[in-house]
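These notes are about the structure you will find just below.
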Amino acid sequence: MMTLFELARNPEVQHALRQETLRAKVAISENPHRALTELPLLRAALRETLRLYPVGMTVERQVGSDLVLQNYHIPAGTLVYVQLYCLGRNPAVFTSPERYHPQRWLDNRGSSTRFPYLNFGFGPRQCLGRRLAETEMLLLLHHVLKSFQVETVTREDVRMIYRFILMPSTLPLLTFRAIDPPQGQPHQQTASPRP
């Protein structure tokens, strides 16, 4: 939902993703798992959405041995929490953190490419369903983008609330306009004059 909202608010990103989707259409129709390799910008868009709107609030780990982190001593056995929402909007970690910019995950010079993708956890305890979830989200967005132009009248940020997961307080209104396959342009319905 939030990826579609951000794409509606950022039509230039949506256009670039549609072009990528159309180029990968044949490969993905032959093997849906190729969505993971054929759609790098769309995959980056999912990362960018989860950076701004993480589903979970935190990732926690118990420190296995004494650690000094930014001049703080953290003794072994300490439970350390990473606040994903705050981290994803921190200008010390992400340049222009308020901006929806999927390309940041593909650029080799940005700090975000060195920053671990934490929304599914990390290491041996990361989410077992990560690849399945990513593939499902990529395929859904792939099919939506090749068939529809997504629009919204809402330009302001959506307020997020915590209800076991982080979610929008109100769902943004989205409009889906069918795209004519040959031209790749939104299909406009015109009313016929009445006799």
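Just so we're on the same page, the working numbering is the position in the sequence shown counted from 1, plus 164.
All residues carry an ideal CB built from backbone N, CA and C; glycine is no exception.
Straight through space, the alpha carbons of Leu181 and Ala199 are spaced by roughly 13 Å. The segment 204-215 makes no contact with the segment 324-336: fewer than 3 CB pairs, one atom from each, lie closer than 8 Å. Of the residues Ser229, Arg211 and Glu224, the one whose Cα lies closest to the Cα of Leu270 is Arg211. The DSSP-derived three-state label of Gln247 is strand. When the beta-carbon positions are compared, Asn283 and Leu214 come within less than 8 Å of each other.
Within the model, the alpha-carbon separation for Leu186 versus Ile192 is close to 10 Å. The C-beta of Tyr326 has fewer than 16 other C-beta atoms within 10 Å across all chains shown, which makes the residue exposed. If you check the CB distance, Leu168 and Val257 do not come in under 8 Å. Among the bridge pairs identified by DSSP, Arg263 is matched with none.
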